[in-house]
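Counting the sequence shown from 1 gives a position; the working numbering is that position plus 1.
Heads up, the beta-carbon is just placed ideally off N, CA and C, and yes, glycines get one too.
First up is the structure itself, then whatever we jot down about it.
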Amino acid sequence: MISFGGGLPSPETFPIKEIEEIACQMLREKGTVALQYGPTEGEPELREEITKWMRREKAAVKPENILVTSGSQQGLDIISKIFLDPDDIIIVELPSYMGGLQAFSAYRAKLVGVPQDNDGIRTDLLEKALAKLARRHRKPKFIYVVPDFQNPSGVTLTLERRKRLLELAHEYEVPIIEDSPYRDLRFAGNFVPMICSLDNENHVIALGTFSKLLCPGLRLAWIAAPTDWMERMVAAKQSMDLSSPIFTQLIVAEYLKRGLLPQQVDNIRKLYAKKREAMIKALQRYMPREVTWTEPEGGLFLWVKLPNQMDTNALFPKAVESKVAYVIVSAFHFNGKGQNTMRLNFSYPSEAQIEEGIRRLANVIRENM
Ligand SMILES: Cc1ncc(COP(=O)(O)O)c(C=O)c1O
2 MISFGGGLPS PETFPIKEIE EIACQMLREK GTVALQYGPT EGEPELREEI
52 TKWMRREKAA VKPENILVTS GSQQGLDIIS KIFLDPDDII IVELPSYMGG
102 LQAFSAYRAK LVGVPQDNDG IRTDLLEKAL AKLARRHRKP KFIYVVPDFQ
152 NPSGVTLTLE RRKRLLELAH EYEVPIIEDS PYRDLRFAGN FVPMICSLDN
202 ENHVIALGTF SKLLCPGLRL AWIAAPTDWM ERMVAAKQSM DLSSPIFTQL
252 IVAEYLKRGL LPQQVDNIRK LYAKKREAMI KALQRYMPRE VTWTEPEGGL
302 FLWVKLPNQM DTNALFPKAV ESKVAYVIVS AFHFNGKGQN TMRLNFSYPS
352 EAQIEEGIRR LANVIRENM
């Protein structure tokens with residue numbers, strides 16, 4: 002079976018040797034701290050290092066604005082916990098990250114979807130949605146976006162739209178949740194600033210994670226939030242797990258202090274750029290002409306569109322019979338749309354598997370068109 006399904010980083014990129022060395026040294030020198038309970042906000046040295054990492058982007062964060070979380074998934078849960086009551090409205094992109102939709106739905110939020118195109122969320126349609134809600138005296142609790150190499154679509158929000166999104170957030174006084182796990186994995190195109198770095202009115206809560214930069218098994222991520230929200234977030238996290246593991250926090254803090262992350266990220270970028278290239282070439286070679294796809298400038302995924310009448314859900318068992326798997330993108334919509342689309346992951350399979358898997362998938366599609 003060749004799977005383009007999961008969102009797994011390539012294990013080739015895990016810095017196992019460095020982590021082993023740092024972990025051993027840390028246990029020898031700081032074992033009693035590493036194995037003890039620690040502050041809910043996160044270890045001060047890690048918060049400091051995350052701040053430095055974000056400041057490369059000119060994001061004006063301070064260590065006291067950083068909350069270390071057990072994965073960004075926990076960050077989304079914390080945000081839901083402090084913002085959402087049943088029937089509250091939030092705005093999400095269509096399609097949107099499934100784990101985000103799950104977190105918000107668990108708090109019984111009502112989701113309003115705004116479609117994307119190749120430039121990210123359609124801010125003209127967002128404006129209409131906000132105006133329509135305002136006429137009904139409804140104010141969304143937040144707007145949730147994954148602006149860089151989005152999961153599942155792979156598209157990136159343009160600078161003009163980032164600015165427009167912020168203007169709308171200010172005008173309608175709705176916070177933006179900027180969830181950006183793939184941001185540093187850019188391998189083509191031009192740098193676009195983080196939305197939080199363009200904001201000077203404290204309207205953006207940003208989420209970052211080490212899952213795609215180091216390894217997801219560490220379960221370490223962060224929320225960078227304006228001071229007004231921090232206290233409630235810390236209280237929400239405290240009731241979930243008291244703190245994220247001090248052991249892995251100290252490992253990552255040391256890894257960052259040693260200045261190893263830029264080289265690590267560079268290696269990942271190079272590897273994924275090759276894999277993405279291999280996938281695009283295979284799609285060009287094998288797919289029927291009616292099939293289209295996004296060409297992401299970074300991240301882990303691309304998004305394939307089949308002719309309108311096709312249904313990737315119905316096609317799935319046939320693909321599995323041919324020993325190839327993908328993710329059905331209708332799962333990333335919550336309104337029954339997107340039935341003719343699929344998400345393909347290129348970070349995990351090898352280049353040879355990408356070539357063979359796309360060949361198999363193209364055959365299944367052709368036979369069922
Ligand atoms: C958009 C988005 N947000 C959050 C997450 C969760 O990441 P983490 O491993 O940090 O919990 C993912 C994971 O794939 C994701 O794609």
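Any idea what DSSP makes of Ala61, helix, strand or coil?
DSSP places Ala61 in coil when its eight states are reduced to three.
How far does the beta strand (DSSP E) with Thr342 in it extend, from its first residue to its last?
Thr342 to Asn346
Between Gly39, His204 and Glu179, which lies nearest to Met195 when the distance is taken from Cα to Cα?
With distances taken between CA atoms, Met195 lies nearest to Glu179 out of Gly39, His204 and Glu179.
Report whether the distance from the Cβ of Gly72 to the nearest heavy atom of ligand 1 is below 8 Å.
yes
In the DSSP output, what is Asp118 paired with across the bridge?
Gly121
May I have a chain-ordered list of the beta strand (DSSP E) segments no shorter than 3 residues that lie completely inside the segment 84 to 152?
90 to 95, 111 to 118 and 144 to 146
Can the beta-carbon of Val156 be found less than 9 Å from the beta-carbon of Gln117?
In this structure, Val156 sits near Gln117, with a CB-CB distance shorter than 9 Å.
Just the Cα atoms here: how many angstroms apart are Tyr98 and Pro16?
27 Å
Mind checking which residues open and close the beta strand (DSSP E) that includes Ala207?
Val205 to Thr210
What residues match up with Glu179 in a beta bridge as DSSP calls it?
Val146 and Ala207
Pull up the CB-CB distance for Ile252 and Ala110, whole angstroms please, since I reckon it's below 8 Å.
So it is not a contact: roughly 35 Å between Cβ atoms.
Taking Pro153 as the reference, which of Asp200, Lys319 and Glu296 has the closest Cα?
Glu296
Any idea what DSSP makes of Ala222, helix, strand or coil?
strand
Is DSSP giving Phe248 helix, strand or coil here?
helix
Check whether the Cβ atoms of Ala353 and Ala274 sit closer than 9 Å, and answer yes or no.
no
For ligand 1, I want to know if Val147 counts as a neighbour, meaning its beta carbon is within less than 8 Å of at least one of the ligand's heavy atoms.
yes
What span of residues does the beta strand (DSSP E) with Leu307 cover, start to end?
Note, Leu307: premise wrong, no beta strand (DSSP E); not H, not E.
Report the CB separation of Asn66 from Ala226 in whole angstroms; it is logged as a contact under 8 Å.
6 Å
Taking the alpha-carbon of Ala35 as reference, which of Gln250, Lys59, Ala61 and Val113 has the nearest alpha-carbon?
Looking at the Cα atoms, Gln250 is the closest of the given residues.
Classify Leu68 as helix, strand or coil using the three-state DSSP reduction.
strand
In whole angstroms, what is the alpha-carbon distance linking Arg277 and Gly72?
25 Å
Would you call Gly218 buried or exposed, if buried means 16 or more other Cβ atoms sit within 10 Å of its Cβ?
exposed
For Val325, which of helix, strand or coil comes out of DSSP?
Residue state, collapsed to three classes: strand.
Report the residue from Glu232, Thr210 and Trp230 whose alpha carbon sits nearest the alpha carbon of Ala222.
Thr210
Have a look at Gly101, Phe302, Val205 and Thr159 and flag the residue whose alpha-carbon is nearest the alpha-carbon of Gly8.
Phe302
Comparing the CB of Gln117 with every heavy atom of ligand 1, is any distance shorter than 8 Å?
False, no ligand heavy atom lies under 8 Å from that Cβ.
Helix, strand or coil: which one does DSSP assign to Ser198?
Correct three-state label for Ser198: helix.
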